[in-house]
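Novice: Our numbering puts the first residue of the sequence shown at 241, with every later residue one more than the last. Ideal Cβ placement from N, Cα and C applies to all residues, glycine included. Okay, here's the structure, questions in a sec.
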Amino acid sequence: MNVVFDIGNVLIRWDPRALYRKIFASEAEVDWFIGHVCTAAWNHEQDRGRSFEDGIAEAIARHPAHADAIAAYDSRWAETIVGPIAGSVAILEALSAQGTPVYAITNWHQDKFRETRGRFGFLSLFRDIVVSGEERLVKPDAAIYRRLLHRNQLDASTCLFIDDNADNVAGAEAVGMTAHLFTTPEQLRARLAGSGILSS
């Protein structure tokens, strides 16, 4: 079985609130900013490959009073990376050590991913990583899963896809992959062990 990981919030904790808690005085202000200014939908366009320069300019045009906070999404982006999810990284390392082919599909801006890749050596364990910003495709679009399959000559039926987003899990299942909705490393380890994919 080939195991295909999502990266953000499966292997690496990503949370823009970690940055904006340093900028705003209250959690309510952080929630408003994430909900109305630098929203998930806005960030999704950077994941699709839009430059951060263009994304920042678009958000500032909508909310000029928040220009400095918006600009921080780019200039201080590294502060949104909280760190590795140790239990998941241990699973990845164990799979790689036992010879299981491991791959990744991630919704991530191409430039920011290159920066992040240099910070986390375990990302070198993957045989291939499909990065949405490089492909101009984002999960759960079927085309991004097929990009991994075609590029690596994989049959979807031989792949287990792991993601923390239910829509992305459904997208993988729609192209014929088995999929697992990630909640905790412990739950993932139990699933892999129970399926005979991960040796105990």
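Alpha carbon to alpha carbon, what distance is there between Gly295 and Trp282?
Specialist: Sequence index remark: in the sequence shown, residue 282 carries index 42 (1-based). Sequence index remark: in the sequence shown, residue 295 carries index 55 (1-based). About 7 Å.
Novice: Starting from the C-beta of Arg257, find all residues in its chain whose C-beta is less than 7 Å away, skip the five residues before and the five after it, and write them out in chain order.
Specialist: As a first step, residue 257 is located in the sequence shown; it is residue number 17 there, counting from the start. Contacts found: Val270, Ile274.
Novice: Terminal residues of the continuous alpha helix (DSSP H) containing Phe401?
Specialist: Within the sequence shown, numbered from 1, the residue matching residue 401 stands at position 161. Run containing Phe401: none in the alpha helix (DSSP H); it sits in the beta strand (DSSP E), 399-403.
Novice: Taking the Cβ atom as the reference point for each residue, do Ala398 and Met241 lie within a distance shorter than 8 Å?
Specialist: In the sequence shown, residue 398 corresponds to position 158, counting from 1. In the sequence shown, residue 241 corresponds to position 1, counting from 1. According to the sequence displayed, residue 398 carries Thr and not Ala. In this structure, Met241 lies closer than 8 Å to Thr398 by Cβ.
Novice: Kindly confirm or deny that the region 400-414 and the region 303-323 touch, where touching means at least three C-beta pairs closer than 8 Å.
Specialist: No, because fewer than three Cβ pairs between the region 400-414 and the region 303-323 fall closer than 8 Å, the two stretches do not touch.
Novice: Alpha carbon to alpha carbon, what distance is there between Ile402 and Gly248?
Specialist: Numbered from 1 along the sequence shown, position 8 holds the residue referred to as residue 248. Numbered from 1 along the sequence shown, position 162 holds the residue referred to as residue 402. For Gly248 and Ile402, the distance between alpha carbons rounds to 11 Å.
Novice: Go to Leu421, then tell me how far its beta strand (DSSP E) extends in each direction, as first and last residue.
Specialist: Sequence index remark: in the sequence shown, residue 421 carries index 181 (1-based). Start and end: 418-421.
Novice: Going by DSSP in three states, Val329 sits in which element: helix, strand or coil?
Specialist: Here residue 329 refers to the residue found at position 89 when the sequence shown is read from its first residue. In this structure, Val329 counts as helix in the three-state DSSP scheme.
Novice: Are the beta-carbon atoms belonging to Leu400 and Val244 less than 8 Å from one another?
Specialist: As a working mapping, residue 400 is identified with position 160 in the sequence shown. As a working mapping, residue 244 is identified with position 4 in the sequence shown. Their beta carbons are under 8 Å apart, which means Leu400 touches Val244 by this criterion.
Novice: In whole angstroms, what is the alpha-carbon distance linking Phe292 and Leu432?
Specialist: Taking the sequence shown and counting its residues from 1, the one referred to as residue 292 is at position 52. Taking the sequence shown and counting its residues from 1, the one referred to as residue 432 is at position 192. So the alpha carbons of these two residues sit roughly 37 Å apart.
Novice: Note the first and the last residue of the continuous beta strand (DSSP E) segment covering Gly373.
Specialist: Taking the sequence shown and counting its residues from 1, the one referred to as residue 373 is at position 133. Where Gly373 is concerned, there is no enclosing beta strand (DSSP E), although the alpha helix (DSSP H) it sits in stretches over 372-375.
Novice: For Ile325, which residues in the same chain have their Cβ closer than 8 Å to its Cβ, ignoring the five residues on either side in sequence?
Specialist: Residue mapping note: residue 325 aligns to position 85 of the sequence shown, counting from 1. Closer than 8 Å at Cβ, skipping near neighbours: Asn249, Val250, Leu251, Ile252, Arg253, Pro425.
Novice: Where does Phe245 sit, in a helix, a strand or coil, going by DSSP?
Specialist: As a first step, residue 245 must be located in the sequence shown, where it is residue number 5. Residue state, collapsed to three classes: strand.
Novice: CB-CB under 7 Å to Arg261, same chain, minus the five flanking residues each way: which ones, in chain order?
Specialist: Here residue 261 is taken as the residue at index 21 of the sequence shown, counted from 1. Closer than 7 Å at Cβ, skipping near neighbours: Val270.
Novice: With Tyr385 and Ile345 assumed to form a contact (beta carbons below 8 Å), what rounded beta-carbon distance in angstroms separates them?
Specialist: The sequence position of residue 385 within the sequence shown is 145, counting from 1. The sequence position of residue 345 within the sequence shown is 105, counting from 1. Contact holds; Cβ gap of about 7 Å.
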